[in-house]
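Chains A and B, in that order, give the protein sequences. Throughout, this note's numbering is defined as the position within the first sequence, counted from one, plus 1182. Throughout, this note's numbering is defined as the position within the second sequence, counted from one, plus 17. Report on the structure given below.
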Amino acid sequence: MSESSVIGAAATSPREAFRHGVRDLLPAAPGVFAWGLVTGVAMVKSGLGVPESIVMSLVAYAGSAQLAALPLMATFAPIWLIVVTAVIVNLRFVVYSVMTRQHFAGLSMNRRLWLGYLVGDIMFARFSALLERQPDYPHRIAYYFGGASCNWMWWQVSSIIGILAATRIPVSWGLELAGTLTLIALLVPLCRQWPVLAGASVAAATSVLAHGLPLRLGLALGIALGVATAFVVERGREEA
Amino acid sequence: MIDSYVLWAILGITLATFITRSGPHLLGARLRIPPAFDAALRFAPACALAAIIAPDLVFTGDTLNLTLENPRWVAGVAAAVIFATSRSMIATIVGGMAFFWLLKAWFVG
């Protein structure tokens, strides 16, 4: 967590809020980089050409969905199946967008769609943590845009390096773990409340137990059961 | 240069990105959600993170592996402890990876 967030200095201008967003993303940069790199390597190793991989990375901007689509593409599966697979793998982004929509409500359609496209796990966690601490944070869109656009660029740089250097980066390094460790650092501070801890535990257990389900449906199921658990625990505590 | 099947597949994945990330914004205020549901979504970030992290740590391929032959879960626990005590993301990533590589060298060879 960056110091600026902890102190909670309210940004007085959109420019400052933008910089604040960038600053809040920076500590996660090594994790994003390792993840992008590994995704780029995996795309090329699965047989996709270098120019194709670069185009896919630049427009699709969906790490796990890209990786899920590759085995389907290798067997020339129908396009609709690829679309359905990618939608299901990315179901969590629907939840993120439903949550951010109230903050984007006053903006033009065009801006809402672009800001939605830029959402990612890390910046979403940062954005919701910020608004949990400071519900009236001014210039929140600039904050979000700063972090999310920075995440996009950093991801693309690392992914393209991974694509170009694919043959030189051994899988055995286990670099993708750095991405997971980044998410752990985001999760730990959220678990200080009982309902969140209960929900996260159920989400984790469900996701592990349902790992065998196709299309990473175990992930979506884990989120659904985790959110329901946290909600019930919170209600129970309020009534107690 | 890029054959048309691959191009269509890329457009398809991009469409999926658009549906999931921008779809709710396309509906905007017309998307009505019960307040209780909206309140419950407050827990979504933590649950999503937990559900992404857990399988990454405990599976080797498709098998559940909680022995020291799989150093990832140990590195994950170490990373959580490092973050809880240091509040530093960089220390968490570097420390966790160091743990991972050391354990791997030690137990897996």
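All C-beta atoms in this analysis are idealised placements derived from N, C-alpha and C, irrespective of residue type, glycine included.
- Between G1222(A) and S1341(A) a beta carbon distance of about 4 Å is seen, short of the 8 Å cut, so the two are scored as contacting.
- For K1227(A), the enclosing alpha helix (DSSP H) begins and ends at 1211-1227.
- Interface annotation, F117(B): in contact with chain A, CB-CB separation under 9 Å.
- Contact of R1294(A) with chain B is assigned, a C-beta pair being separated by under 9 Å.
- Per DSSP, the continuous alpha helix (DSSP H) segment holding S1341(A) begins and ends at 1322-1346.
- The DSSP-derived three-state label of T80(B) is strand.
- When C-beta atoms of the segment 1393-1400 of chain A are compared with those of the segment 96-107 of chain B, fewer than three pairs fall below 8 Å, so the two segments do not count as touching.
- F117(B) has its alpha-carbon roughly 13 Å from the corresponding atom of V75(B).
- For N1292(A), the enclosing alpha helix (DSSP H) has its first and last residue at 1291-1299.
- Between the alpha carbons of G1394(A) and I1270(A) lies a distance of about 15 Å.
- Runs of the alpha helix (DSSP H) lying entirely within the segment 50-74 of chain B, each at least 4 residues long, are 52-57 in chain order.
- Neighbours of G1218(A) in chain B, taken as residues whose beta carbon is under 7 Å from its own, are absent, since the nearest beta carbon is some 14 Å off.
- Burial check for G1245(A): the Cβ neighbour count within 10 Å reaches 16 or more, so the residue is buried.
- Contact between P41(B) and R1283(A) holds, with the beta-carbon distance rounding to 5 Å and staying under 8 Å.
- By the neighbour-count criterion, in which a residue is buried when 16 or more other Cβ atoms sit within 10 angstroms of its Cβ, R1274(A) is buried.
- Spanning the alpha carbons of W90(B) and V1378(A) requires a straight line of approximately 21 Å.
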